[in-house]
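What follows is one structure encoded as structure tokens, with my remarks underneath.
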Amino acid sequence: MEKELKLNNSGDKADTSIKEKLWIAIPATLLIGLLFILIYRHHAEFSWDGLASGFNQEFLVFFLIGVFAQLVDGTLGMGYGATSTSFLLAYGVPPVISSTGVHVAEMFTTGASAISHHRFGNINKKLVKHLLIPGVLGSFTGAYLLSDVIDGEKIKPFIAIYMIILACIIIKKALAKTIIKKKTKKLGILAGFGGFMDSVGGGGWGPIVTSTLLGRGRNPRYTIGSVNAAEFAVSFASGITFMYFGGIEGWQIIAGLILGGVMAAPLAAFLVNKIKRKPMMVAVGILIIILSLKTLSRGFETLSSFF
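Numbered according to the UniProt record's numbering, the sequence shown spans residues 1 to 307.
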């Protein structure tokens, strides 16, 4: 009897160990596979001549955007997409290219983030499962519409307005004094909406999903870790969709964002306990509003034609 119990316990431990390893093995395998696909399909850009011609002033701009966006996301648990997209749109990058660049870059940054959060025990697996499928479906739908149906230039002013709304949400959450814990309902609808708007707008998963869950009194550590882990699947779904329907344009943007994000990640992890969240959230929100107003002013004529 005792031997049977020991065998059962050892079997349970082995199953648990395998499941734990899958949380690291799956993201790592997907990222390695994605990297090989990118190099294979765009080998000309990754050749020595392609790389040499690509490292110019524009690449430096995209690199700095990647650094700043990762610092924001690493210290706040949200804002990578909203920050990087706002900068790219303000710089004059078309919506489809900016959203594709942000989401392909986020495949790598969120994959690394998911693995890190798992290692530090910051993931509520039940919450991840509730967010995963609806978030992926919403992300896929938004990416398909933007890449194959919607004219990106025509919706550019609307994306700028959406970014202003996101910035207001971030500022509102920062200024909230007390948070009353409430039971979170309809997680699937929240995740689906967050994934859809993240793909169409180039950001919003964190501000919509993370801020809503934190606003309802959920534990910040497990909320940020779980939402970031689910974001890897959301970003992967939208990135693959953009690649399939529209291909990849602007590899300089992607490379700059990835390199900047990867290099800034350790600094963001160091600063997360050094910087006060509320002033940082307000500052980021104001910055996004300024950048979005600049984009909106450029597309005012397009916006007025709809009314």
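Ideal Cβ positions, reconstructed from N, Cα and C, are used throughout, including at glycine.
- Contact between leucine 187 and histidine 130 holds, with the beta-carbon distance rounding to 4 Å and staying under 8 Å.
- For arginine 216, no alpha helix (DSSP H) segment is defined, and its DSSP state is neither H nor E.
- Here alanine 237 is near serine 139, since their CB atoms are less than 7 Å apart.
- Rounded to the nearest whole angstrom, the CA to CA distance from leucine 71 to lysine 276 is 13 Å.
- Secondary structure at lysine 21: helix, using DSSP grouped into helix, strand and coil.
- In the three-state reduction of the DSSP assignment, isoleucine 169 falls in the helix class, which pools H, G and I.
- In terms of Cα proximity to methionine 243, the closest of Phe63, Ile97 and Leu89 is Ile97.
- Here the alpha carbon of isoleucine 24 sits roughly 28 Å from the alpha carbon of glutamine 252.
- The C-beta distance from glycine 135 to alanine 230 rounds to 6 Å, short enough to fall under 8 Å.
- Cβ neighbours of isoleucine 123 within its own chain (closer than 6 Å, five residues either side excluded): His117, Gly225, Ser226 and Ala229.
- Residue environment analysis places phenylalanine 120 among the exposed positions, since fewer than 16 neighbouring C-beta atoms fall within 10 angstroms of its C-beta.
- Only residues of its own chain outside the window of five on either side were considered, and among them Pro157 and Ala160 have a CB closer than 6 Å to the CB of leucine 296, listed in chain order.
- Isoleucine 26 and serine 235 have their alpha carbons spaced roughly 15 Å apart.
- Between isoleucine 170 and methionine 281, the C-beta spacing is below 7 Å.
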